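>
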Amino acid sequence: MDANDVTAGRARGRVALRVGSTGPYSSELTAGQIGAIADIAERYGSGAVHVTPRQTMEIPHIDIAALPDVTTLLAGHGLHIGYAGRRPRNVTACSHWCLYNVAPMRDAALQLNCLLNENENEKMPLPGKTNISLSGCGFSCVRSRTSDVGVIARSEIVITDKKCKKCSLCVKEPLGCQVDAITLAEGAVVIDRQKCVRCGFCSGVCRPGSIMMKSKSFDVFIGGNGGLKPREAFLYRTVPSLREAMELIGSLLEGYRAHAREGERIGDLIERAGMEWPGQKT
Ligand code: SF4
Ligand code: SF4
Ligand code: SF4
Numbered sequence: 159m160d161a162n163d164v165t166a167g168r169a170r171g172r173v174a175l176r177v178g179s180t181g182p183y184s185s186e187l188t189a190g191q192i193g194a195i196a197d198i199a200e201r202y203g204s205g206a207v208h209v210t211p212r213q214t215m216e217i218p219h220i221d222i223a224a225l226p227d228v229t230t231l232l233a234g235h236g237l238h239i240g241y242a243g244r245r246p247r248n249v250t251a252c253s254h255w256c257l258y259n260v261a262p263m264r265d266a267a268l269q270l271n272c273l274l275n276e277n278e279n280e281k282m283p284l285p286g287k288t289n290i291s292l293s294g295c296g297f298s299c300v301r302s303r304t305s306d307v308g309v310i311a312r313s314e315i316v317i318t319d320k321k322c323k324k325c326s327l328c329v330k331e332p333l334g335c336q337v338d339a340i341t342l343a344e345g346a347v348v349i350d351r352q353k354c355v356r357c358g359f360c361s362g363v364c365r366p367g368s369i370m371m372k373s374k375s376f377d378v379f380i381g382g383n384g385g386l387k388p389r390e391a392f393l394y395r396t397v398p399s400l401r402e403a404m405e406l407i408g409s410l411l412e413g414y415r416a417h418a419r420e421g422e423r424i425g426d427l428i429e430r431a432g433m434e435w436p437g438q439k440t
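Quick note: to get my numbering, add 158 to the position in the sequence shown (first position is 1).
Pasting the structure below:
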């Protein structure tokens with residue numbers, strides 16, 4: 159543990175700890191883990207716990223002298239501290255039980271968190287703060303488009319030869335298309351591909367199978383960030399599997415590590431490099 163693992167508190171000699179889990183996934187705590195965090199907040203902190211925007215639990219007002227004890231107690235419950243300073247933040251992902259998941263992202267987030275934040279021996283050092291956010295569908299609840307690296311799972315849909323029953327379920331909310339990309343014509347549905355955002359909701363509600371998901375795909379975005387100079391990420395590449403998205407993220411992070419200056423965010427590096435990704439593999 160070093161100064162990067164804790165956040166300075168307002169009171170002298172006190173710090174705030176950001177806590178994540180080593181399993182089943184950093185932002186999916188068990189009741190026992192939540193109880194352990196509550197106990198620590200009572201015994202060593204102010205009794206309060208804050209939930210951060212990046213899905214970690216923050217325990218404020220911890221006495222610096224108590225850090226070794228607190229770290230040991232947390233480790234006993236599969237919890238660890240970090241995600242602060244010029245470090246990768248907690249890799250965020252959607253809840254895997256969300257109805258809209260095209261592909262659950264929890265396991266991918268866990269894998270990246272192990273690489274970037276949790277495995278002390280194999281931790282991949284990065285030059286600056288790095289937010290990675292994995293969304294199971296285009297709603298992008300974990301803000302993939304304003305992260306240094308973001309993934310959004312997509313559904314590639316196809317109209318089949320199964321007869322449309324004209325039930326209209328696919329046409330509009332609550333279960334169907336939310337961007338008005340579907341119209342019902344004579345005996346068939348028509349999809350406006352310019353409007354379609356590849357969410358797959360229509361295929362999910364179509365009982366006869368007139369619209370079906372043909373395949374999944376994964377949009378990988380890079381260069382976004384929030385903060386004082388917010389910046390939207392741009393679509394870097396679309397790949398056909400989560401495995402390939404993970405490989406791509408690995409090579410992007412290697413490029414970031416090799417080319418960025420100390421403290422530089424991915425978006426800053428891209429801007430400095432003239433909007434080309436250093437070491438880009440084609
Ligand atoms: S992005 Fe989609 S899958 Fe993920 S939590 Fe939001 S609605 Fe659910
Ligand atoms: S996949 Fe396209 S057409 Fe189907 S509901 Fe989503 S946006 Fe609409
Ligand atoms: S495509 Fe399917 S969901 Fe849409 S109107 Fe036809 S039968 Fe209903």
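Where is the CB? At the ideal position from N, CA and C, for every residue including glycine. Because the structure is a prediction, the values reported are computed rather than measured.
Candidates 406, 322 and 424: which alpha carbon is nearest residue 388's?
When only C-alpha atoms are compared, the closest one is 424.
> Specify, as a first and last residue, the run of the alpha helix (DSSP H) that residue 404 falls within.
Segment 400 to 417, the alpha helix (DSSP H) holding residue 404.
> Is there at least one Cβ from chain B nearer than 8 Å to residue 283's Cβ?
Checking the listed chains, one finds no chain B in this structure; it contains a single protein chain.
> How big is the Cα-Cα spacing for residue 194 and residue 178?
Cα to Cα, residue 194 sits roughly 12 Å from residue 178.
> Check whether the stretch 237 to 245 and the stretch 253 to 267 are in contact - that is, three or more C-beta pairs closer than 8 Å.
No contact exists between the stretch 237 to 245 and the stretch 253 to 267.
> Leaving aside the five residues before and after residue 426 along the sequence, list all residues of the same chain whose C-beta is less than 6 Å from its C-beta, in chain order.
Taken in chain order, the list of residues that qualify is empty.
> From the DSSP secondary-structure annotation, give me the bridge partner or partners of residue 310.
BP columns for residue 310 point to 293 and 377.
> Could you please give me the residues that DSSP links to residue 371 through a beta bridge?
Paired residues: 315.
> Is the closest heavy atom of ligand 2 to the C-beta of residue 297 under 7 Å?
No.
> Expressed to the nearest angstrom, what Euclidean distance is found between the alpha-carbon atoms of residue 297 and residue 254?
Approximately 14 Å between the Cα atoms of the pair.
> Any heavy atom of ligand 3 within a distance shorter than 7 Å of the CB on residue 315?
The answer is no for residue 315.
> Thinking residue 212 and residue 188 are a contact (beta carbons under 8 Å), I'd like their distance in whole angstroms, please.
Contact doesn't hold; Cβ gap of about 20 Å is too wide.
> Go ahead and pull the three-state DSSP assignment for residue 439.
Bear in mind that a pLDDT of 45 at residue 439, under 50, signals an unreliable position, so the model cannot answer this.
> Output needed for residue 457: all residues of its chain with C-beta closer than 6 Å, excluding positions within five of it in sequence on either side, in chain order.
Within the shown structure, residues of the chain are numbered from 159 to 440, placing residue 457 beyond reach of any answer.
> Would you check if the distance between the CB atom of residue 305 and the CB atom of residue 431 is smaller than 8 Å?
No, Cβ-Cβ distance for residue 305 and residue 431 is not below 8 Å.
> In terms of residue numbering, what span does the alpha helix (DSSP H) encompassing residue 396 cover?
Premise fails: residue 396 lies in the beta strand (DSSP E), 392 to 397, not in any alpha helix (DSSP H).
> Near residue 415, what residues of its chain come up, given a Cβ to Cβ distance below 8 Å and the 5 sequence neighbours on each side ignored?
Closer than 8 Å at Cβ, skipping near neighbours: 282, 283, 284 and 285.
> Between residue 175 and residue 398, what straight-line distance do the alpha-carbon atoms span, to the nearest angstrom?
Between residue 175 and residue 398, the C-alpha separation is close to 38 Å.
> So what does DSSP say about residue 284, is it helix, strand or coil?
Three-state result, residue 284: coil.
> Rounded to the nearest angstrom, what separates residue 210 and residue 217 at their Cα positions?
So the two alpha carbons sit approximately 10 Å from each other.
> Over the uninterrupted beta strand (DSSP E) stretch that includes residue 273, give me the two end residues.
Run containing residue 273: none; DSSP gives neither H nor E here.
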